[in-house]
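Quick note on the working numbering: the sequence shown kicks off at 5 and runs consecutively. Right, one structure below, let's go through it.
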Amino acid sequence: MGTNKPANNPDALYPNPSSTAVNLTSAHAVLPESYTVYNRLGQVVASGRIGSQTTAIYVAAYSTGVYFIKVDGGQYTNTLQFVKN
Numbered sequence: 005m006g007t008n009k010p011a012n013n014p015d016a017l018y019p020n021p022s023s024t025a026v027n028l029t030s031a032h033a034v035l036p037e038s039y040t041v042y043n044r045l046g047q048v049v050a051s052g053r054i055g056s057q058t059t060a061i062y063v064a065a066y067s068t069g070v071y072f073i074k075v076d077g078g079q080y081t082n083t084l085q086f087v088k089n
């Protein structure tokens, strides 16, 4: 999964690792449009729209492991990693 990141990375995930939910925050002037969650095999686990500067993504049902969240901002994409414990 390649990324075309903005020069300064205003996207963040916390807490990381997490067992229940991760918060995706964006400090872009224009909010990203959507996100997609992938497992280590590249399979889509979840996706959704971003409606505010902080979006909660519930991960309690996910298996333990490493996941990637691709943020799609229309003019850019950014991939962040988190651990589900």
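Even glycine gets a Cβ: it sits at the ideal position worked out from N, Cα and C. This one's a predicted model, so the numbers in the text were calculated from it and none came from an experiment.
Item: Could you give the DSSP three-state label for Ile54: helix, strand or coil?; Value: coil
Item: Whole angstroms are fine: how far does the CA of Leu35 sit from the CA of Gly77?; Value: 7 angstroms
Item: With DSSP as the reference, label Thr59 as helix, strand or coil.; Value: strand
Item: Just reading off the beta strand (DSSP E) that Ser4 is part of, what are its end residues?; Value: This structure cannot settle anything about residue 4, because the visible part of the chain is limited to 5 through 89.
Item: Would Asn82 be called buried (16 or more neighbouring beta carbons within 10 Å of its own) or exposed?; Value: buried
Item: So what does DSSP say about Ser67, is it helix, strand or coil?; Value: coil
Item: Going by C-alpha distance, which of Gly55, Ile54, Lys74 is nearest Arg44?; Value: Lys74
Item: Do you know how far the Cα of Pro21 is from the Cα of Phe72?; Value: 12 angstroms
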